[in-house]
Each structure stands twice: as C-alpha cells, then as structure tokens.
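Enquirer: Numbering (this note's numbering), first residue to last: 35 to 515. Built from N, CA and C at the ideal position, the CB exists for glycine as well.
(1) For residue 134, count the other beta carbons within 10 Å of its own beta carbon; 16 or more makes it buried, fewer makes it exposed. Which is it?
(2) Indicate the three-state DSSP secondary structure (helix, strand or coil) for residue 466 in the structure shown.
(3) Given that a residue counts as buried once 16 or more other Cβ atoms are within 10 Å of its Cβ, and exposed if not, what is residue 418?
(4) Nearest by alpha-carbon distance to residue 452: which of 207, 481, 486, 263 is it?
(5) Rounded to whole angstroms, how far is the Cβ of residue 496 from the Cβ of residue 477, which I believe are closer than 8 angstroms?
(6) Checking 9 angstroms against the spacing of the C-beta atoms, do residue 218 and residue 264 come in under that value?
(7) In whole angstroms, what is the alpha-carbon distance linking residue 57 and residue 371?
(8) What separation, rounded to the nearest whole angstrom, lies between the Cα atoms of residue 80 and residue 290?
(9) Rounded to whole angstroms, what is the Cα-Cα separation between residue 480 and residue 90?
(10) Using only the alpha-carbon positions, how far apart do residue 278 and residue 63 sit?
(11) Can you tell me the Cβ-Cβ gap for residue 293 and residue 246, rounded? I've got them flagged as a contact below 8 angstroms.
(12) For the alpha helix (DSSP H) containing residue 516, name the first residue and the last one.
(13) With burial defined as no fewer than 16 other Cβ atoms inside 10 Å of the residue's Cβ, what is the status of residue 299: buried or exposed?
(14) Can you check which of these residues, 271, 240, 295, is closest to residue 366 by C-alpha distance?
(15) Inspect the CB distances between the stretch 203–220 and the stretch 169–184 and report whether three or more fall short of 8 angstroms.
(16) Between the stretch 139–157 and the stretch 107–126, are three or more C-beta pairs nearer than 8 angstroms?
(17) Would you list, in sequence order, the uninterrupted beta strand (DSSP E) runs of no fewer than 3 residues that lie entirely inside the stretch 224–273?
(18) Return the Cβ separation of residue 314 and residue 256 in integer angstroms, given the expectation that the two are a contact with Cβ distance under 8 angstroms.
(19) Give me the DSSP bridge partner(s) of residue 167.
(20) Suppose you measure from the CA of residue 85 to the CA of residue 488; what does that come to, to the nearest Å?
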C-alpha cells in the first residue's frame, strides 16, 4: 500500500542545532556594544584600524570562564598590545590588538560585580579591558546568538580581514596574531570566498560567492569566470549590490575590508562528477595586484539519487573537527533545515518534516576530514560519504511516492554471508551494485550477478548500494577474513 505522508526527521548531530560555534574561517558579524563605563565599541572599526580582536564570551557562573579570566592571559595581551591611548594600555604597546569581554548569558551588572547569579566573583576587579553586559538594559544577548555560542567560555580571534577562528583558552594569545593575513599592500586587490548559501539541486546549481576588497582603492567591480569540466561556461561582471534600504540595486563601492555577496547564474544539466571552477579576476577592470589571495573555488558535483520514501524518521550523523560546518537545505526553496559541525557526539534534535518529490542538498564548508551518514528509521543508509575540500555537496531526493513499509524492498533481497570473506551473495533482482567504504569512496562496482567477488576488499565495514529500476537499497556489510 502506498500513501503520501511526511517523514519526521530525527537528526543525531554533533551539536545543538540552535547553537553551534561559528566554524573557523567564518566572517565575524559586526556589532556595536556599550561597555560598563559607557564607551561604545564597534567591531569593524577596530578591524578597519588593523587590529586583531579577541572576544571572550563568558558567563558569570562558569568556573572555567573564571579560571581563564583570572589567568592574566588576556590582561597581559591588552596591556602590552592594545590600542594606543586607551585606558590601562602600556605606552610601549605594539598597538595591534583589542580585547573585549562579553558576559553573554544575560546576567545583570550586579552579578558581574560579584553578587548573585552564582557568580564566580567580581569580574571587574583588575580587568583592564572593556566588559560588556547583555542583560537587556543597554545590550542584549543577540550578540551571543550572532556568534552561535554553544558553551562557555568561547574565545574568538577575529583578524583584520574579518575572518574569525576559535582560539580557546590559550596562555599565549599574542602568538596567534601572526596567523592573520598581512594587511593590504596594494591599491587594487580583491579576494573571493565560497558563500554558505549556494542553492544546489539534483541537476543544477546557483553559486554564491563572497567578494572582499583587500586593496586601498574602493572596489567597484570584478570579473567572475565559471568553468565546467575545464570548459569555460560564462563570465559575469559583478558591479552592483541589492540595497534593502532603497529596494533597488546600487553600484558596488566596497571600501578596504568590506565584503559583498555575488549570486551567479544557475549552472544546469549537471552530471555526477562534473567539476565546477569559479575564478575572480580583473578588480576595477585591471589585473589583480595580488592574485595569490584569491580562492579558486573548485568542487566535484554529486547529484544524488531517488530513495524509497520511508514512513519513518531519518537520522544524520556527522563526524569531524570543529572547523567543519555543514548545512542541509531543501532545494526548491533554498531553505536551510539543519546545520552543524563535526567534533561532538550524542546530541539529538527533532527538525521539520521532509516533503515528497523533493531534492535535498548536504553542503559542507571547510570539510576536509568530515564524514557523514544519513540513514532511515531501520538503519538503511540513504547517503554517506566524506568531504575533502573547501566546499562539497551531496544530494538525495525523497521520490514521488511514499513507501509505507521498508519490507516492500528489503523482502526482495537476501545478502549473505555477513560478515563476508571472499564472496558475497545477493538473492534478488537488481540492475547494479556499488560498494563504498566508510569514507564514501567507491571500492567496487558490478552489474547484476548472484555472487560478488569481494576478495580485494580489506577487513572493515562497507556500504553496498543495490540499484533496482525504481529504488536504491543500501545495506551495511562487514568484510572479515
């Protein structure tokens, strides 16, 4: 029996989906906050002045936060390297750093000063750098949300180019300043990054990239070249941006360090393993003075496939480092329905329903070392693989109809022995089979045959995709010799 129902997703992620630290390499959101002394601080003002900014997000009741706060690491950093002329900064400062402490849990000033809220002590005592209170009186916890704070303390390093990294509770934060790119050195210089909001479908993609002016002169245009499998597809001149205030396009006019997102034309008719390359050249119509800081964006297309539309929950598991971020999007709307990063396990979240006859894209950013698996409610693998580059995509579609029972397909197949040694037997009618290792690499392919020679495979766990005319069944197998 078939019926059109929705699938509820249970996502087994490595984080709390509402709060997951911003991945390293993210663009730091700008903010304007007022400290306890009434002084206003705007992040991008410090960055535009060439400062590397360290942001300490803490909560007054947090023991590890207190331990790092009283260690003196950030105190020494601010006194010896903070902005010239600010209170408590040494006259011999290197003048290349700013430090801001943000009590991001919304506790009042009295708790910051040592009374109530289970506070660890008086956070103002001996603190030379600005302290921000987010209790709603002047500032709110919106800044903590913007920086996706999932635990305390979270310490970010923000480079002058506005890219951040989580630096942790390091005892020598100044040693990290050299990891930032050198300051701009040319009049005309553009940088490019992959955006996290590209719309990708089962047979098409609409790329979106981020352009940054890394030169002294204002940036008014760049040339964007798109190639497919090494064959030039099209060029576009990016010279205007949408303004919400005027509800119209306005000329591009980026000052030093400023950024803008460029939405490119769709690339259609894609096939699996197609290679898309995007290059940004000719800032202001002339040769880029420093092309080495332009990121050539290259990735391999993986279009996914139709899956049986099971009446049951799906699960996503992701493993990798905290710098690896991923996004699950519904293609027709480009709406993000789940996101996260690798590194932590055993956190569950329930998200919105999938719809039938729809394609979904799993997109990874800074994904080297990230592995992922999507399974149905009885453990059959819908999608699995690994990411290896700056950006990777993997897709799956739900199909046009819902199968109310997994038995509709599984009863037609009998796979044995499992674990297998040299030969794997498949009883049932199918067209082809593909065996993947746990990293998503294809290790064996075959057309229909009753027995498959797996003697070439090493011991371990694998996934076998069994293709029929109307569905794909994925099963886990083990090779043990």
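Expert: Short version:
(1) Numbered from 1 along the chain shown, position 100 holds the residue referred to as residue 134. Residue 134 comes out buried.
(2) As a position in the chain shown, residue 466 is number 432, starting the count at 1. Residue 466: strand per DSSP, three-state reduction.
(3) By one-based count along the chain shown, residue 418 stands at place 384. Counting Cβ neighbours within 10 Å, residue 418 comes out buried, since at least 16 surround it.
(4) Along the chain shown, read from residue 1 onward, the residue named residue 452 stands at position 418. When only C-alpha atoms are compared, the closest one is 486.
(5) Here residue 496 corresponds to residue number 462 of the chain shown, with the count starting at 1. Here residue 477 corresponds to residue number 443 of the chain shown, with the count starting at 1. Confirmed, about 7 angstroms.
(6) Within the chain shown, the letter at position 184 stands for residue 218. Within the chain shown, the letter at position 230 stands for residue 264. For residue 218 and residue 264, no; Cβs fall outside 9 angstroms.
(7) Counting from one through the chain shown, the residue named residue 57 turns up at place 23. Counting from one through the chain shown, the residue named residue 371 turns up at place 337. Between residue 57 and residue 371, the C-alpha separation is close to 18 angstroms.
(8) Against the chain shown, residue 80 aligns to sequence position 46. Against the chain shown, residue 290 aligns to sequence position 256. Whole-angstrom Cα-Cα distance: 13 angstroms.
(9) By one-based count along the chain shown, residue 480 stands at place 446. By one-based count along the chain shown, residue 90 stands at place 56. When rounded, the distance between both Cα atoms is 55 angstroms.
(10) On the chain shown, position 244 is the one that residue 278 refers to. On the chain shown, position 29 is the one that residue 63 refers to. Rounded to whole angstroms, residue 278 and residue 63 show a C-alpha spacing of 18 angstroms.
(11) Against the chain shown, residue 293 aligns to sequence position 259. Against the chain shown, residue 246 aligns to sequence position 212. Confirmed, Cβ separation roughly 5 angstroms.
(12) Beyond the ends of the chain as shown, which are 35 and 515, falls residue 516; an answer cannot be given.
(13) For the purposes of this step, residue 299 is taken as residue 265 along the chain shown, with counting starting at 1. Residue burial is scored here from C-beta neighbours: residue 299 has fewer than 16 other C-beta atoms within 10 angstroms and is therefore classed as exposed.
(14) Here residue 366 refers to the residue found at position 332 when the chain shown is read from its first residue. Distance check between residue 366 and each of 271, 240, 295 places 240 closest, using alpha-carbon atoms only.
(15) Result no; under three Cβ-Cβ pairs closer than 8 angstroms.
(16) No contact exists between the stretch 139–157 and the stretch 107–126.
(17) Taken in chain order, the complete beta strand (DSSP E) segments of 3 residues or longer contained in the stretch 224–273 are 224–228, 238–240, 242–247, 256–262, 265–272.
(18) Here residue 314 refers to the residue found at position 280 of the chain shown. Here residue 256 refers to the residue found at position 222 of the chain shown. With a beta-carbon spacing of about 5 angstroms, residue 314 and residue 256 fall inside the 8 angstroms limit used to define contacts.
(19) Reading the chain shown from its first residue, position 133 is the one you call residue 167. DSSP lists 137 as the bridge partner or partners of residue 167.
(20) Here the question's residue 85 lines up with position 51 in the chain shown. Here the question's residue 488 lines up with position 454 in the chain shown. About 58 angstroms.
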